[in-house]
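Residue numbers (numbering that gives the first Met the number 0), protein chains in the order written: chain A, 0 to 430; chain B, 0 to 430. The beta carbon of each residue, even a glycine, is placed where N, CA and C say it ideally should be. Because the structure is a prediction, the values reported are computed rather than measured. Below is one structure, written out as structure tokens, with a few remarks after it.
There are 2 protein chains.
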Amino acid sequence: MRAVDIIIKKRDKKELTSQEIEFFIQGFTKGDIPDYQASAFAMAVLLNGMTPFETTDLTLAMAKSGQVLDLSKIVDFAVDKHSSGGVGDKTSISVMPMVAACGLPVGKMSGRGLGFSGGTVDKLESIPGYRVDLSTDEFKKQLKEKGIVVTGQSLDLAPADGKLYAIRDVTGTVQSMPLIASSIMSKKIATGVQAIVLDVKTGLGAFMQTLEEARELGELMVDIGRLAGRKTVALLSDMNQPLGSAVGNALETIEAIELLRGRAPKDYYEHCLHVTAHVFVIGQRAKDLDEGRAMAEKCIADGSALEKLRVLVQAQGGDVSYVDDISKFERAKYIEVVPSPRSGFISQVHARLVGEASVALGAGRAKKGDSIDHAVGFLIYKKVGDKVEAGEPLFEIHANSAEKLAEARAAVLSAHAFSDEFVSPLPLFYE
Amino acid sequence: MRAVDIIIKKRDKKELTSQEIEFFIQGFTKGDIPDYQASAFAMAVLLNGMTPFETTDLTLAMAKSGQVLDLSKIVDFAVDKHSSGGVGDKTSISVMPMVAACGLPVGKMSGRGLGFSGGTVDKLESIPGYRVDLSTDEFKKQLKEKGIVVTGQSLDLAPADGKLYAIRDVTGTVQSMPLIASSIMSKKIATGVQAIVLDVKTGLGAFMQTLEEARELGELMVDIGRLAGRKTVALLSDMNQPLGSAVGNALETIEAIELLRGRAPKDYYEHCLHVTAHVFVIGQRAKDLDEGRAMAEKCIADGSALEKLRVLVQAQGGDVSYVDDISKFERAKYIEVVPSPRSGFISQVHARLVGEASVALGAGRAKKGDSIDHAVGFLIYKKVGDKVEAGEPLFEIHANSAEKLAEARAAVLSAHAFSDEFVSPLPLFYE
Chain A
0 MRAVDIIIKK RDKKELTSQE IEFFIQGFTK GDIPDYQASA FAMAVLLNGM
50 TPFETTDLTL AMAKSGQVLD LSKIVDFAVD KHSSGGVGDK TSISVMPMVA
100 ACGLPVGKMS GRGLGFSGGT VDKLESIPGY RVDLSTDEFK KQLKEKGIVV
150 TGQSLDLAPA DGKLYAIRDV TGTVQSMPLI ASSIMSKKIA TGVQAIVLDV
200 KTGLGAFMQT LEEARELGEL MVDIGRLAGR KTVALLSDMN QPLGSAVGNA
250 LETIEAIELL RGRAPKDYYE HCLHVTAHVF VIGQRAKDLD EGRAMAEKCI
300 ADGSALEKLR VLVQAQGGDV SYVDDISKFE RAKYIEVVPS PRSGFISQVH
350 ARLVGEASVA LGAGRAKKGD SIDHAVGFLI YKKVGDKVEA GEPLFEIHAN
400 SAEKLAEARA AVLSAHAFSD EFVSPLPLFY E
Chain B
0 MRAVDIIIKK RDKKELTSQE IEFFIQGFTK GDIPDYQASA FAMAVLLNGM
50 TPFETTDLTL AMAKSGQVLD LSKIVDFAVD KHSSGGVGDK TSISVMPMVA
100 ACGLPVGKMS GRGLGFSGGT VDKLESIPGY RVDLSTDEFK KQLKEKGIVV
150 TGQSLDLAPA DGKLYAIRDV TGTVQSMPLI ASSIMSKKIA TGVQAIVLDV
200 KTGLGAFMQT LEEARELGEL MVDIGRLAGR KTVALLSDMN QPLGSAVGNA
250 LETIEAIELL RGRAPKDYYE HCLHVTAHVF VIGQRAKDLD EGRAMAEKCI
300 ADGSALEKLR VLVQAQGGDV SYVDDISKFE RAKYIEVVPS PRSGFISQVH
350 ARLVGEASVA LGAGRAKKGD SIDHAVGFLI YKKVGDKVEA GEPLFEIHAN
400 SAEKLAEARA AVLSAHAFSD EFVSPLPLFY E
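Right, here's the structure in full:
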């Protein structure tokens, strides 16, 4: 078998066999197949596509390129919840403790934020001391003992994916459905969880801008999960406007903690309860979504979810007092409430523009390796469909420089659009 | 400007600007743009195509990646003749001396054979001492003093092409019309000739298997030549069966020399005279093809073309006595005449199968850098349309091992097909 023949086969729109895909990925991981063959292959895949079978083979080959954890020896059943990325999406920080509080072990390895989209581990790092570099042994030990773990991506898992992603990033081959799906799923499969709830975002602030694309990605990942023997469900949720109110690392972490006290913006609360209910159903802790939702509400009401968050933060070296006293979180130097320039109905809060404004404040990275400012960001007060009066508070800016504050004010004002007519609120979920 | 954005633009089927193409090729030549970006770019070009303008820009950028010779300071007008490659195609060795004999300077840098297709410099090397590694200074000096030079490709000319070809070869991106055309034309333009006659082969033994593909390639190269200010004409000629009789390096060189004595298979003779006539017309030495043909015939009849070949061989260090006594050429150990297994009309002599059998005998390279055996090959006696009796000589094998001889016999027999009905001969030229 030769790498060039596999590239040619994909170039000519033919279906690759499992053996061919495994040969390619193994050779690439070991360095026998050079980067320039991998990039030509990625471009051929991007332009000619892959069948779900090929995509599954690619996923499994990347998962098997490193260590594949067997969590069944550690816990009966472990679940993971993954979001395709968006603005203000702090869901994992609220959902994982709720799930663990009901006795379902949750193990998550999460990426960092890149571009306008935030990352769970960046957010959690706004709690001083919180470690996101657990080894796979620490991951397994904590999952067994505490039933909850949320750390960064281990380099031992799916190294082919990391290597291929680095090439894709600089060769224009990121935006490929089979490559995106296999990248996400290879890491989930290597982590060893038995069930995965995928929250696929669609809209202005998501990687998948149309519902059709998001549905295709969701279905593809569910197919891969099923073919790989993992219970998988995909939800399609809105990302035209930011989720909840907070955008920025510490602000989002605070909002996620507050939800576990029953205090949260309505859209974010509904979103988290719906996701959690799905996790309980797929994890066979609830017979249907209604029962799952009731369980989620109960673990908030009785404080058990908040307690599980304390357990998580403590286990990973974080300062637990932050969970109990959110005023301890680092605050930005400048905090400004921006009033609405006019009356009317909110017709748009452009999620991507808000996300990019947040990156510009320092909350995100322009490129890999950049450091981030945890304190900065926004509180968005109004949602699409809300009625607003001129002069009423529209959003709040947290910034560490006066210059950036002014830029952010203009950017987020322009992310808002108004209408004189009534505007329907956006749905939280599409499917 | 960033390389990745140029790749993305081509990935998205947009037309690249001259500046973008030049930036990419310059960066690639200098090593600022790595191989893995070049291979992704090549795959995007292969799958999404390029306009003639883009292809011309790519050609000029590659030509300008190294030294571009200015031959106008050396001779009034220099021409080159290029074949897209085939089996038994020794045309340049006969045509170049005829052209030079009529006072039109000819300068050619030629590639080596690869795969089933032979290369002019490999054939000329069957004359002991013949140098194919002239420097560009030697090239210019010999062109000025002798009016004829045929050497290998200088590394100083179009280095981007050599570098890109090495990548294309191992990433499945060879078979792309714009990449093939720009590769050929960038070298011709860097050589500095003012006029180019392109002999584009089509058929079973050519890289372009269909007439449509060959026509497209021919038109594209003529467009590039015109846009680059070079007089360019493309002929489409048949390569379903080998050209002439001889296949193999020494055997072909002998056949090419013998043509200059007026002794040659009819198809090869007609082919060479037609090509030469075109060179005279484009080089403004003849007003039309008839006059060009008469000139070609005259320089064979009066021995001036043969004399020019002697001048060429001597100038490049070759043993001129080989030109005058072809029995001096190295001969293979085993020479076998294979009789026709049946009577009938020849309906096919599959050029590619003959070419591959010749490579198997050792006349060609399976991969770059392999050494070759100059003595081995075939003499093909019959052409499509010829009548043959059972037992009559069909072809002759020149081999250096008994085992390979047996393999070659079977392979070349299977390349021949017979019909009971009359079969029309193949045309020499299509357009």
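If contact means a Cβ-Cβ distance below 9 Å, which residues of the segment 27-50 of chain B contact chain A? Pro-33, Asp-34, Tyr-35, Gln-36, Ala-37, Ser-38, Ala-39, Phe-40, Ala-41, Met-42, Ala-43, Leu-45, Leu-46, Asn-47
Limits of the alpha helix (DSSP H) - the one that His-273(A) falls within: Note, His-273(A): alpha helix (DSSP H), 265-281.
CB Ser-236(A) to CB Pro-264(A), shorter than 8 Å? no
Name, please, each residue of chain B whose Cβ falls closer than 7 Å to the Cβ of Gly-171(A). Val-3, Ile-6, Ile-7, Arg-10, Ala-39
Specify, as a first and last residue, the run of the beta strand (DSSP E) that Met-108(A) falls within. 105-109
Hey, out of Ile-166(A), Leu-425(A), Leu-197(A), Ile-183(A), whose CA is closest to Ala-62(A)'s CA? Residue nearest to Ala-62(A) within the set Ile-166(A), Leu-425(A), Leu-197(A), Ile-183(A) is Ile-183(A) (criterion: CA-CA distance).
Below 7 Å on C-beta distance, what does Ile-379(B) contact in chain A? In chain order: nothing, as chain A lies at least about 31 Å away.
Please go through the same chain and pick out, in chain order, the residues whose beta-carbon is closer than 6 Å to the beta-carbon of Gln-25(B), but skip the five residues on each side of it. none
Ala-438(A) vs Ile-166(A) beta-carbon contact at 8 Å: Outside the shown range of chain A, which is 0 to 430, sits residue 438(A), and nothing can be said about it.
For the pair the segment 305-315 of chain A and the segment 144-160 of chain A, tell me if three or more CB-CB distances fall below 8 Å. yes
Helix, strand or coil at Ser-303(A) according to DSSP, with G and I counted as helix: helix
DSSP state of Tyr-129(A), grouped into three classes? coil
Please confirm whether Ile-195(A) has its beta-carbon closer than 8 Å to some beta-carbon of chain B. no
Rounded to the nearest angstrom, what separates His-415(B) and Ser-320(B) at their Cα positions? Within the model, the alpha-carbon separation for His-415(B) versus Ser-320(B) is close to 36 Å.
6 Å Cβ shell around Ser-71(A) - same chain, five flanking residues per side excluded: none
Contacting residues, own chain, Cβ-Cβ under 8 Å from Ile-32(B) (five flanking each side not counted): Ala-2, Phe-23, Gly-26
Return the first residue and the last residue of the beta strand (DSSP E) that Ser-418(B) is part of. 415-418
Could you name the residues of the segment 160-193 of chain A whose beta carbon sits closer than 7 Å to any beta carbon of chain B, in the order they occur along the chain? Ile-166, Val-169, Thr-170, Gly-171, Thr-172
Does DSSP classify Met-0(B) as helix, strand or coil? coil
On the three-state DSSP scale, how would you describe Lys-140(A)? helix
Which residues in the same chain have their Cβ closer than 7 Å to the Cβ of Gly-48(A), if we skip the five residues on either side of it in sequence? Pro-177
Going by the CB atoms, is the gap between Leu-103(A) and Gly-228(A) shorter than 8 Å? In this structure, Gly-228(A) lies away from Leu-103(A), with their beta-carbon atoms at least 8 Å apart.
I'd like the span of the alpha helix (DSSP H) that includes Leu-258(B), first residue to last. Secondary structure note for Leu-258(B): its alpha helix (DSSP H) is the uninterrupted segment 248-258.
Using DSSP with H/G/I as helix, E/B as strand and the rest coil, what is Glu-395(A)? Residue state, collapsed to three classes: strand.
Environment of Pro-340(B) [buried if 16+ CB atoms lie within 10 Å]: exposed
For Asp-419(B), I'd like the list of residues in its chain whose CB is within less than 7 Å of its CB, leaving aside the five on either flank, ordered along the chain. Gly-343
Compare the beta carbon distance of Ser-100(A) and Cys-298(A) with 8 Å and say whether it is the shorter of the two. What sits at residue 100(A) in the sequence shown is Ala, not Ser. Closer than 8 Å, so yes.
Rounded to the nearest angstrom, what separates Leu-154(B) and Ala-60(B) at their Cα positions? 16 Å
Quick check: the Cα distance between His-349(A) and Gly-204(A), rounded to an integer number of angstroms? 7 Å
Mapping the DSSP letters down to three states, classify Thr-170(A) as helix, strand or coil. coil
Ordered along the chain, which non-local residues of its own chain (more than five positions away) have a Cβ less than 6 Å from that of Gly-65(A)? Asp-155, Leu-156, Ala-157, Pro-158
From which residue to which residue does the beta strand (DSSP E) around Leu-378(A) run? Going by DSSP, Leu-378(A) is part of the beta strand (DSSP E) stretching over 376-379.
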